[in-house]
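Single-structure report; data block below.
2 protein chains.
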Amino acid sequence: MRARVFVTPRKGILDPQGRAVEGALTSLGISGVANLRVGRYVTLEIDAPSHAAAEATVKRICEQLLANPNIEDFRFEVDAG
Amino acid sequence: MRARVFVTPRKGILDPQGRAVEGALTSLGISGVANLRVGRYVTLEIDAPSHAAAEATVKRICEQLLANPNIEDFRFEVDAG
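Read top to bottom, the protein sequences are chains A and B. Be aware that the first sequence starts at 2, since it is given in my numbering, and climbs by one per residue. Be aware that the second sequence starts at 2, since it is given in my numbering, and climbs by one per residue.
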């Protein structure tokens, strides 16, 4: 099964990468952009006996490896296939 | 309008972050995961006169700032609202 994970800086937490990109936009002459935040996008394939088992494993990977629980949130999608 | 950008390592390009995560999975006792790849997930709000104008700006931001055209692909979604 294919899965996609979205890790995002938690609301209210400073996002230095996002601030850097916003600063660079000004140099490019691009205006009208706000609240730009940079997170991670992880794709994977997972071999599991059921959709529920795949979801449980992906959740565990997020909690123990991909997301920093102090400053990041995550969500994920596991394909039905 | 809200937009979401997905930047991914191009197929065939080595993804050291993905390999590192896969290695760590073994230490956690998690098996059955393959082709794990780590990209970036960028969210932003964009003030533009039309949906087409917003899409054009987001495309430009991807090309000129967010994605390395040598080794990364990108795709994006702009909400209708």
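Glycine included, C-beta positions come from ideal geometry on N, C-alpha and C. This one's a predicted model, so the numbers in the text were calculated from it and none came from an experiment.
Endpoints, alpha helix (DSSP H) assigned at residue i
i	result
Pro-17/B	17-29
Glu-64/A	First-last for Glu-64/A: undefined, no H or E at that position.
Any chain B beta carbon closer than 7 Å to residue i
i	result
Asp-48/A	yes
Gly-13/A	no
Val-7/A	Note that residue 7/A is Phe in the sequence shown, not Val. Taking Cβ atoms only, chain B reaches closer than 7 Å to Phe-7/A, which makes this a yes.
Asn-36/A	yes
For residue i, the first and last residue of its enclosing beta strand (DSSP E)
i	result
Glu-78/B	73-79
Arg-3/B	3-10
Gly-40/A	34-47
Min CB distance residue i to chain A below 7 Å
i	result
Leu-29/B	yes
Gly-33/B	yes
Ala-25/B	yes
Cβ distance (whole Å) where residue i is taken to contact residue j below 8 Å
i	j	result
Ile-72/A	Pro-17/A	Contact doesn't hold; Cβ gap of about 11 Å is too wide.
Val-43/A	Leu-15/A	Not a contact, Cβ separation roughly 22 Å.
Arg-41/A	Val-39/B	6 Å
Ala-25/B	Val-79/B	In fact, because the Cβ distance is near 35 Å, the residues do not count as touching under 8 Å.
Val-6/A	Cys-63/A	6 Å
Interface partners of residue i on chain D, CB under 8 Å
i	result
Val-39/B	In the displayed structure, chain D is absent; the protein chains listed are A and B.
Is the number of C-beta pairs between the stretch 34-53 of chain B and the stretch 45-60 of chain A that are closer than 8 Å three or more? Counting C-beta pairs closer than 8 Å gives three or more between the stretch 34-53 of chain B and the stretch 45-60 of chain A, which meets the contact rule.
Across the stretch 22-31 of chain B and the stretch 53-61 of chain B, are there enough close Cβ pairs to call them in contact, namely three or more that are closer than 8 Å? no
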